[in-house]
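See below for the structure under consideration.
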Amino acid sequence: MPGFLRRLLPREEDFYDLFVKQAVNIQAGSSALVEMLAHYTGVPEQASSIKAIEHAGDEITHNIFTKLNQSFVTPFDREDIHELCSKLDDVLDLIDAGASRFVLYRVDSVRSGTIELAKILQDTTKEVGAAIHALNKPDHVLKHCIEINRLENESDRLCRTLIAQLFDEEKDSVQIIKWKEIFEVIETAVDKCEDVANVIETITLKNA
Amino acid sequence: MPGFLRRLLPREEDFYDLFVKQAVNIQAGSSALVEMLAHYTGVPEQASSIKAIEHAGDEITHNIFTKLNQSFVTPFDREDIHELCSKLDDVLDLIDAGASRFVLYRVDSVRSGTIELAKILQDTTKEVGAAIHALNKPDHVLKHCIEINRLENESDRLCRTLIAQLFDEEKDSVQIIKWKEIFEVIETAVDKCEDVANVIETITLKNA
Amino acid sequence: MPGFLRRLLPREEDFYDLFVKQAVNIQAGSSALVEMLAHYTGVPEQASSIKAIEHAGDEITHNIFTKLNQSFVTPFDREDIHELCSKLDDVLDLIDAGASRFVLYRVDSVRSGTIELAKILQDTTKEVGAAIHALNKPDHVLKHCIEINRLENESDRLCRTLIAQLFDEEKDSVQIIKWKEIFEVIETAVDKCEDVANVIETITLKNA
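Residue numbers (our numbering), protein chains in the order written: chain A, 318 to 525; chain B, 318 to 525; chain C, 318 to 525.
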């Protein structure tokens, strides 16, 4: 959208700023998860910090929905703003769900491969941030969406490998139940980033 | 919507009546689940009654969709009616899924905490009923939605506690698999009530 | 839509052709899954072929989305095309997820009942194909949608029976975890076919 139009529609800025804020929040969440796995002490406290990030995200989600319902003019199609907001919220919920499992399941030590999976999530959330920043520079959106798709395939492969290893190596079925879910929750967070990328791609193509 | 308009558009009444009917049905389902857990005998028969409630709900869902597709004028945005109807249907499906697990998994006795979780679901469906009744008194909607959100947080906390206890206390991994799923299905039913509340809030804000 | 209009709007043909192509692809996927279970040798290779079908489906999905975003005029409501395309993609993802579990979980032999479940999925995808073919002959759509609903109920019942049997017969909880998921993934593929039927029904009623 050309600059003069943006000046005429100040509300567009607000949505854009809120989405950027949420993207920053999600990156903070995924980074805190990687940090927690890398320095696995004081885990309940670290998980609480991630929960606080998720609560902050709920606020932003609520602000976007309220603004959406009150705005007569929106910068993109109403349903795309709603969808983008929901999917970003899903990513954050899953980051928190992943972190909280370590406390809930009293996980003593982190299985090898878990940090790698969380780092793919972290990389993916960085690309989500870049794609959202690029919402007003449509030419730069696509490369970030392609990279998100690539990272999602990578996380899917790693998750499958980790679960196969888990079944091969772990004899305690309770541990299998706990770790299978942890891997799947982190991988689902990456999946939801791909959903975000799909919405962003749709918005960009519609406004091309 | 002012009364004179409602008289001009009798179909609005029909949607409202159908949603109220579905809300009553959902409350019947969650109450029957609490009843089954409190008087844990003749479980297959009690689960069948809940299945019958779910079938009655499918009828109502189908009626709403048919009416929606045939109506030229709708009282709220078409996609919001569709979404509200789908989410109410999801709640009922999950109540039935929860009840049927006790038969399917040949559960002998009910673990402590299960009734409390089902009672939160029952309370939440009561609030859903109140929120739907209030669709034509928008000033009363918000307080019910806030209460639904509060109950959802409560059920989430209780579900996490019950699952942590399950892993701590239960040594039989087959029991862990069965009960973890039962708790999660009931908690997901409450989650879907929150989805219902979100749609109702959206409808109310749009029509404010 | 009458024939003369279709001639004026060649793009409609394109959407129709792409959906038919995806329906054919999904039938190929479910047939390959039945084949793999019936002739349970060279499983990794057979699962790879199903993965290839899923990749071909991703291409079609991407083509539909691109066309949707670039088309000014669409034969049905934009959001219904999007929904139909997404749900068909979900079916294919779940067929692939089901097939890949046999490799991932190093499944030695196929439990009795699994082929029956996969055959219901195969029958359901045939009906999905018929329903999509009938998109331009609306009078024939409904019977296929009714049949899809019947098959979904059948698969749901069989899946529940198989899981109950699994808990009754299998003492190894690791096997329970693996097979419960396999049954649920196949059943969820049938569920998604029902979602497809619901979208097709909506499209037909709107255009009646």
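Think of the CB as a built atom: it goes at the ideal place given N, C-alpha and C, for glycine as much as any other residue.
For clarity, every value in this text was computed on a predicted model and none was experimentally measured.
- For T521/B, the closest of L459/B, L438/B, S417/B and D334/B by C-alpha to C-alpha distance is L459/B.
- Neighbours of F484/B in chain A, taken as residues at a C-beta separation under 9 Å, are given in chain order as L421, Y422, R423, V491, I494 and K495.
- Straight across, the Cα-Cα distance linking W496/C with I437/C is about 17 Å.
- The stretch 407-416 of chain A makes no contact with the stretch 476-491 of chain A, as fewer than three CB pairs between them are under 8 Å.
- In the three-state reduction of the DSSP assignment, N524/A falls in the coil class.
- The beta carbon of E469/B lies closer than 6 Å to those of V507 and E511 in the same chain, with the five residues before and after it left out.
- Counting C-beta pairs with one atom in each stretch, the stretch 376-393 of chain C and the stretch 353-362 of chain C have fewer than three that are closer than 8 Å, which means they do not touch.
- Nearest Cα to R428/A within the set A373/A, V513/A, E498/A and A447/A: E498/A.
- A check of alpha carbon separations from L335/A across I494/A, S490/A, I449/A and I480/A identifies I449/A as the nearest.
- Chain A places no beta carbon closer than 7 Å to that of N380/C, leaving this residue out of the contacts.
- Using a CB distance cut-off of 7 Å, L522/C counts as an interface residue toward chain B.
- Here Y333/C carries a helix assignment [DSSP, helix/strand/coil].
- When C-beta distances to chain B are compared with 7 Å, the residues of the stretch 449-482 of chain C below that value are R477, I480 and A481, in chain order.
- For P455/C, there is no enclosing alpha helix (DSSP H), as DSSP marks it with neither H nor E.
- For V424/A, there is no enclosing alpha helix (DSSP H), as DSSP marks it with neither H nor E.
- At a beta-carbon threshold of 9 Å, none of the residues of chain B lie near T505/C; the nearest stands roughly 13 Å away.
- Listed along the chain, the chain B residues whose CB falls inside 8 Å of the CB of Q387/A are L522.
- The DSSP-derived three-state label of K488/C is coil.
- Below the 9 Å Cβ cutoff, chain A contributes F382, L385, N386 and H399 as neighbours of T519/B, in chain order.
- R467/A counts as exposed, since fewer than 16 other beta carbons sit within 10 angstroms of its beta carbon.
- Restricting attention to A514/A, S348/A and I493/A, the CA atom closest to the CA of V424/A is found in I493/A.
- If you check the CB distance, E362/B and L409/B do not come in under 7 Å.
- Cβ neighbours of H399/B within its own chain (closer than 7 Å, five residues either side excluded): L385.
- Collapsing the DSSP output to three states places F393/B in coil.
- Apart from sequence neighbours up to five positions away, the residues of its chain that approach D397/C with a beta-carbon distance below 7 Å are V516, T519 and I520, ordered along the chain.
- Take the alpha-carbon of H461/A and the one of F500/C: they are about 36 Å apart.
- A buried status is given to I503/C, since no fewer than 16 other beta-carbon atoms sit within 10 Å of its beta-carbon.
- Annotated three-state conformation of S472/A is helix, per DSSP.
- Sequence-distant Cβ neighbours of G446/C in its own chain, meaning closer than 7 Å and more than five residues away, are A340, V341 and Q344.
- Secondary structure at G446/B: helix, using DSSP grouped into helix, strand and coil.
- In this structure, I465/C lies near T441/C, with their beta-carbon atoms less than 7 Å apart.
- I381/C sits buried, since 16 or more C-beta atoms from the chains shown fall within 10 Å of its C-beta.
- Going by beta carbons, V351/C and A435/C fall inside the 7 Å limit.
- The beta carbon of K368/C is closer than 6 Å to those of D413 in its chain, skipping five residues each way along the sequence.
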